[in-house]
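J.: In our numbering, each residue's number is its place in the sequence shown (first place is 1) plus 377.
Pasting a structure here, questions to come.
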Amino acid sequence: PEGVGKVEEDLLLNVLDRDPDDSPDGIPYRIMAESCIPGFTAESSSVFEEHIVCKRVSEYRDRLHEIVAGGIYGAEDKQFLFPNVVVGNRATSRFQIANPLKVPCDINISIKTTSGSHPPRGSKPIEPFDVDYKKVQISPYSSLYLNVGFSPPSMQIFSAMLEVSVEKSSSHIPYQKPLSVELVGEGNLPT
């Protein structure tokens, strides 16, 4: 089929030396095919199921001290906040990436630091955010969890862009838009 969808074709097969009284026009045979485009679920309620999901992260700014585990995702901001992380410690959050389709899905994952990691000239850049996969395949009708970590090296606000995208095998196929999330975390002193 051209594009995504199903197609069916009826054929008549003519086999030499067969009984001509049995299906004189040929033996009927139906061929069915289906084509699919790989993809993943990018709904915030699924991806951030282990975290607080709200309209805007700013709704929780006054209550950050109450959050003991997990993070906050603001759907309008497309922002995930790692709250209350002590300098030198590491916080890890799990994001579920699900493949609800009939075909395997190869995805690419990248994190690009956008602020807070500017070292002195000649020093190696500090990367406070990390993810356990750079590239992975999700089987049909299954999911996996990305472990995204935040390790603040100093008392300041850090941010980065997390992008999850379907690996493209052809420029002619209309793949889904990547999932882009701003990661934000602040290094704090212990209380």
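Glycine included, C-beta positions come from ideal geometry on N, C-alpha and C.
So is Pro415 in contact with chain B if we call contact Cβ pairs under 9 Å?
T.: Looking for chain B here will not work: only one protein chain is present.
J.: Using CA coordinates, which residue listed in Asp396, Ser520, Asn391 and Asp398 is at the minimum distance from Pro405?
T.: Asn391
J.: Does the beta-carbon of Glu563 have 16 or more other beta-carbons within 10 angstroms, so that it is buried, or is it exposed?
T.: Glu563 comes out buried.
J.: For Gly382, count neighbouring C-beta atoms within 10 Å of its own C-beta (all shown protein chains included) and say buried if the count is 16 or more, exposed if not.
T.: exposed
J.: Runs of 4 residues minimum, wholly inside the segment 443-489: which ones carry the alpha helix (DSSP H) assignment?
T.: Here no run is fully enclosed.
J.: Given that a residue counts as buried once 16 or more other Cβ atoms are within 10 Å of its Cβ, and exposed if not, what is Asn476?
T.: buried
J.: Please return the same chain residues whose Cβ sits closer than 8 Å to the Cβ of Val464, not counting the five positions on each side in sequence.
T.: Pro529, Pro530, Ser531, Met532, Gly564, Asn565 and Leu566
J.: Let me know the secondary structure DSSP gives Glu420 once reduced to three states.
T.: coil
J.: From Gln514 to Gln473, what distance separates their C-alpha atoms?
T.: 14 Å
J.: Using the C-alpha atoms, what's the distance from Glu386 back to Val508?
T.: 46 Å
J.: In the DSSP assignment, what are the bridge partners of Met570?
T.: It is not possible to answer for residue 570, since the shown part of the chain is limited to 378 through 568.
J.: According to DSSP, Val430 sits in a beta bridge with which residue or residues?
T.: DSSP links Val430 through a beta bridge to Tyr450.
J.: Considering only residues of the same chain and omitting the five flanking positions on each side of Ile408, which have a CB-CB separation below 6 Å?
T.: Glu386
J.: Please name the residue, chosen from Phe459, Ser546, Ala537 and Pro401, that lies closest to Pro481 on a Cα-to-Cα basis.
T.: Ser546
J.: Using the beta-carbon count (16 or more within 10 Å), is Val384 buried or exposed?
T.: exposed
J.: Under 9 Å, do Val525 and Leu560 count as touching if we go by C-beta distance?
T.: yes
J.: In terms of residue numbering, what span does the beta strand (DSSP E) encompassing Tyr522 cover?
T.: Ser519 to Phe527 is the extent of the beta strand (DSSP E) around Tyr522.
J.: What residue from Ser470, Leu521 and Ser435 has the CA that sits closest to Ala446's CA?
T.: Ser470
J.: CB-CB under 6 Å to Ile488, same chain, minus the five flanking residues each way: which ones, in chain order?
T.: Excluding positions up to five away in sequence, the list reads Phe506, Val508, Ala537 and Leu539.
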